[in-house]
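Under this note's numbering, residues 2 to 447 are what the sequence shown spells out, in order. Note that beta-carbon positions come from the ideal geometry of N, C-alpha and C, so glycine has one too. One structure below.
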Amino acid sequence: MSDIYWEKTDAHRIAKEAGLNPAHIGFSDRSDVTWQHVLERAMAEGRLMVLVGLARQENPGIARLGQLTEDDLLEVPTPAVSDAEWEGPTEGGQLEQILGSQSTLQPISMLEKALQVSQAVGRIVLADDSRGTGFLIANNILITNNHVLPTSEAAAGARVEFNVQQTVEGRDAAVECYRFDPTAVFLTSAQDEEGGDDWTAVRVAGNPNAKWGAVKLHKTNPRVGDRAIIIQHPGGGQKQIAFYHNVIVAVTERRVQYLTDTMEGSSGSPVFNDAWQLIAVHHKGGQHEPNAKQNRLRNQGVHINRVVEGLMAGKVLTGDGRPQPQPEVSTPVPPTNAVETVTSPVGTPEVAEGGLTVPQKLKLVDALLKVPTLQQEGRRTAVIAQLRPDIRDNIVWSGTPRTHVLSMVDTALAYPGGLEELLTLVRYFEGGSIPMQAADKLLATF
Numbered sequence: 002m003s004d005i006y007w008e009k010t011d012a013h014r015i016a017k018e019a020g021l022n023p024a025h026i027g028f029s030d031r032s033d034v035t036w037q038h039v040l041e042r043a044m045a046e047g048r049l050m051v052l053v054g055l056a057r058q059e060n061p062g063i064a065r066l067g068q069l070t071e072d073d074l075l076e077v078p079t080p081a082v083s084d085a086e087w088e089g090p091t092e093g094g095q096l097e098q099i100l101g102s103q104s105t106l107q108p109i110s111m112l113e114k115a116l117q118v119s120q121a122v123g124r125i126v127l128a129d130d131s132r133g134t135g136f137l138i139a140n141n142i143l144i145t146n147n148h149v150l151p152t153s154e155a156a157a158g159a160r161v162e163f164n165v166q167q168t169v170e171g172r173d174a175a176v177e178c179y180r181f182d183p184t185a186v187f188l189t190s191a192q193d194e195e196g197g198d199d200w201t202a203v204r205v206a207g208n209p210n211a212k213w214g215a216v217k218l219h220k221t222n223p224r225v226g227d228r229a230i231i232i233q234h235p236g237g238g239q240k241q242i243a244f245y246h247n248v249i250v251a252v253t254e255r256r257v258q259y260l261t262d263t264m265e266g267s268s269g270s271p272v273f274n275d276a277w278q279l280i281a282v283h284h285k286g287g288q289h290e291p292n293a294k295q296n297r298l299r300n301q302g303v304h305i306n307r308v309v310e311g312l313m314a315g316k317v318l319t320g321d322g323r324p325q326p327q328p329e330v331s332t333p334v335p336p337t338n339a340v341e342t343v344t345s346p347v348g349t350p351e352v353a354e355g356g357l358t359v360p361q362k363l364k365l366v367d368a369l370l371k372v373p374t375l376q377q378e379g380r381r382t383a384v385i386a387q388l389r390p391d392i393r394d395n396i397v398w399s400g401t402p403r404t405h406v407l408s409m410v411d412t413a414l415a416y417p418g419g420l421e422e423l424l425t426l427v428r429y430f431e432g433g434s435i436p437m438q439a440a441d442k443l444l445a446t447f
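The structure is reproduced here in C-alpha cells:
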C-alpha cells in the first residue's frame, strides 16, 4: 500500500473512505510507517478488506491487489501441523465426548488472573515489520518461537511492545516498547525440521518485569481434556484471548495439541490451563482436524517441560528449575505519568537527574515537541536509532508524542552526556530550524 499511496494525504483519504477515524491514526512523513498504522487500525475495527477493496477499485491494473486475501495481510507465518504430526482423535464422535466431559463454569476470579498474566504478554515487531507474540518470565527474559526470533541478530533489530490492546472504554491503550539485549541472554532451539523445539529466550533491555510482571515458569503435566487458553496478538494486532472450545486433544513429551483458535502472528504465545499454569508455547496451527464433523482447526504448542529443560541446560534457570538470582538491570526509566504530574512549591523546585528541575525539564519537552523532527514517530525512531545503546535501549515507547519525547529526555538525563548527545542528533536531523533554535535557547537558560 505504501508503494501505491505514498502521499500522506492519499492515505488519509483512503482511511476515511474506509470508515476509519483519521484522528485515531498516526500519520507519518514515511509512507511505510503511515500504512502500518492505517492497517493496524483497519484490522482492529474489522475494516481491513474494506480498505483493500477501495484500493482495488482505484487501481484495477495492479494484479497483486486483486489477489490479496485477509490472510495475506497477517504477520509472521505460523507453521502448519501436518497430518503425520496429528496426535489427537480422528473420529468426530470421540471428539464430542471429550468436548462434553467438563463443565464450562469457572470462578469469576479466573478473569482477574487472566488480566494479571496478560500484562506480561507482548507483541514482537521485527526489523522487516513482521510480527509475533512473546511473554516475559523472571529476570526480564522473553520467551517466543525460534521461527519468530531465530538469531541474536534478528533479536537485536527487533522490539517488544506491551499493552497493545483496547481499554474498557474501547480506546487504544498507551503502548510501551523495549529493545532486546541478546548480548546478555540469547538461547534458541531450532524448528522441528531441524530436530529442535522451536523456542527462543532473550533478555529484554531495561526492567520490564517491574511494570509488566512475569509468567511463572515450571514443569507441568497437561492432560487430554484439560483447557488450553491462549493470550496472543493474532494477525500482529491488538492483544486477544482465546478460551472457547479450547480443549486439549493430545499430549506427548514434546508437544501439546488443542482446538483453541489462533492466527498468523500468534506464534510464541503462552498457552495456559484453567488454573493459569503455563503448559506450552504456541508454535503451529491452522490445519483442519482430520475427520471432524465440524470445521475445527488443530493447533500445537511446544510442551513447556521442553522449554524448562532447555533453559536449565542453558543456565537461565537453576538446576531445580527456578530463576537464577536476579542480575543487575539498567537504570529504569521513571514512569512517565509520575513525572508529568509532579508539582513543586515555589522556591523548592524538585531536582531531576542531570541537575534540571522538573518544571525546567517539562519546559524543554514542550519546546522539543515543536520541533518537526520529533513530531512524527518515524523521525523520532530515526533519532533514537543513532543513540548509544545504553540510552537507546531504555527509552520507553508510548502511544503519544509527549510521553515518548519525555521518555527520551528522562533517559538521556540518566546518563552522563546523554542529553547533549540527544540534542546533537536532533539538531543534525532538523538542520537548525527555528523551533530547534528556540529549544537550544531555552536549554541555555537552565
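I think D199 touches N147, with their Cβ atoms under 8 angstroms apart; what is that distance to the nearest whole Å? The count along the sequence shown starts at 1 and reaches residue 199 at position 198. The count along the sequence shown starts at 1 and reaches residue 147 at position 146. Rounded, the Cβ-Cβ distance is 5 angstroms, consistent with contact.
Since A211 contacts V272 with CB under 8 angstroms, what's their CB separation in whole angstroms? Numbered from its first residue, the sequence shown carries residue 211 at position 210. Numbered from its first residue, the sequence shown carries residue 272 at position 271. About 25 angstroms; that fails the 8 angstroms criterion.
Mind checking who N22 pairs with in its DSSP beta bridge? On the sequence shown, position 21 is the one that residue 22 refers to. DSSP, once it has assigned bridges, lists no residue as partnering N22.
Hey, which unbroken runs of the alpha helix (DSSP H) at 4 residues or more fall wholly within the region 153-220? 153-157, 210-213
Anyone know if the C-beta pair for R403 and L370 falls short of 8 angstroms? In the sequence shown, residue 403 corresponds to position 402, counting from 1. In the sequence shown, residue 370 corresponds to position 369, counting from 1. The answer is yes: Cβ separation under 8 angstroms.
Can you have a look at Q166 and say buried or exposed, based on whether 16 or more other CB atoms are within 10 angstroms of its CB? Along the sequence shown, one-based indexing puts residue 166 at 165. Its Cβ being crowded by 16 or more others within 10 Å, Q166 is buried.
Closer than 8 angstroms to chain D by CB, A175: Absent here is chain D; the protein component of the structure consists of one chain.
Using alpha carbons as the reference points, say which of R180, Y179, A202, T184 lies closest to S190. Here the question's residue 190 lines up with position 189 in the sequence shown. The shortest C-alpha separation from S190 is found at A202.
Can you grab the Cα-Cα spacing for the pair M111 / S267, in whole Å? By 1-based counting over the sequence shown, the position of residue 111 is 110. By 1-based counting over the sequence shown, the position of residue 267 is 266. Between M111 and S267, the C-alpha separation is close to 22 angstroms.
At what residues does the alpha helix (DSSP H) containing V257 begin and finish? Translated into positions along the sequence shown, residue 257 becomes position 256. Segment 256-259 is the beta strand (DSSP E) holding V257; no alpha helix (DSSP H) there.
Assigned secondary structure, V250 (DSSP; H/G/I helix, E/B strand, else coil): Taking the first residue of the sequence shown as 1, we reach residue 250 at position 249. Strand.
Can K364 be considered in contact with the ligand COA, in the sense that its beta carbon sits closer than 7 angstroms to one or more heavy atoms? This structure does not include the ligand COA; it has no bound ligands of any sort.
Identify, in the order they occur along the chain, each residue of the same chain with its Cβ nearer than 8 angstroms to the Cβ of L21, setting aside the five sequence neighbours on each side. Translated into positions along the sequence shown, residue 21 becomes position 20. So the list reads V39, R42, A43, E46, R48, L52, once near-sequence residues are dropped.
Whole-angstrom Cβ separation of H470 and R124, contact assumed at under 8 angstroms? No information on residue 470 is available, as it lies outside the stretch 2 to 447 that the chain covers here.
Is M437 helix, strand or coil by DSSP? As a working mapping, residue 437 is identified with position 436 in the sequence shown. Here M437 sits in helix by DSSP.
Less than 8 angstroms between the C-beta atoms of F136 and A156, yes or no? Taking the sequence shown and counting its residues from 1, one reaches residue 136 at position 135. Taking the sequence shown and counting its residues from 1, one reaches residue 156 at position 155. No.
Between I5 and F28, what straight-line distance do the alpha-carbon atoms span, to the nearest angstrom? On the sequence shown, position 4 is the one that residue 5 refers to. On the sequence shown, position 27 is the one that residue 28 refers to. Whole-angstrom Cα-Cα distance: 16 angstroms.
Which word fits E421, buried or exposed, when buried means at least 16 other C-beta atoms lie within 10 angstroms of its C-beta? For the purposes of this step, residue 421 is identified with residue 420 of the sequence shown, where counting begins at 1. Classification for E421: exposed.
Following the continuous alpha helix (DSSP H) through P390, name the residue where it begins and the one where it ends. Residue numbering aside, residue 390 sits at position 389 when the sequence shown is read from its first letter. Where P390 is concerned, the enclosing alpha helix (DSSP H) stretches over 390-393.
What does the alpha-carbon distance come out to for the pair V303 and L260? Here residue 303 refers to the residue found at position 302 of the sequence shown. Here residue 260 refers to the residue found at position 259 of the sequence shown. Going by the C-alpha atoms only, they are around 15 angstroms apart.
Taking 8 angstroms as the cut-off, decide whether the C-beta atoms of N395 and A206 are in contact. Residue 395 sits at position 394 when you count from the first residue of the sequence shown. Residue 206 sits at position 205 when you count from the first residue of the sequence shown. Their beta carbons are under 8 angstroms apart, which means N395 touches A206 by this criterion.
Pick out whichever of L407, S32, Q37 has its Cα sitting closest to the Cα of G236. On the sequence shown, residue 236 is found 235 positions in, with the first residue counted as 1. Cα-wise, what sits closest to G236 is Q37.
Which residues does DSSP pair with T145 in a beta bridge? Taking the sequence shown and counting its residues from 1, one reaches residue 145 at position 144. Its beta-bridge partners are T201.
Which residues in the same chain as T437 place their Cβ atom closer than 7 angstroms to its Cβ, once the five residues preceding and following it in sequence are excluded? As a first step, residue 437 is located in the sequence shown; it is residue number 436 there, counting from the start. Note that residue 437 is Met in the sequence shown, not Thr. Here the set comprises V372, V427, R428, E431.
So the candidates are A439, G418, Y416, V397; which of them puts its Cα closest to the Cα of E162? Indexing the sequence shown from 1 puts residue 162 at position 161. Here the closest residue by C-alpha is V397.
CB L279 to CB V216, shorter than 8 angstroms? Reading the sequence shown from its first residue, position 278 is the one you call residue 279. Reading the sequence shown from its first residue, position 215 is the one you call residue 216. Yes, Cβ-Cβ distance for L279 and V216 is below 8 angstroms.
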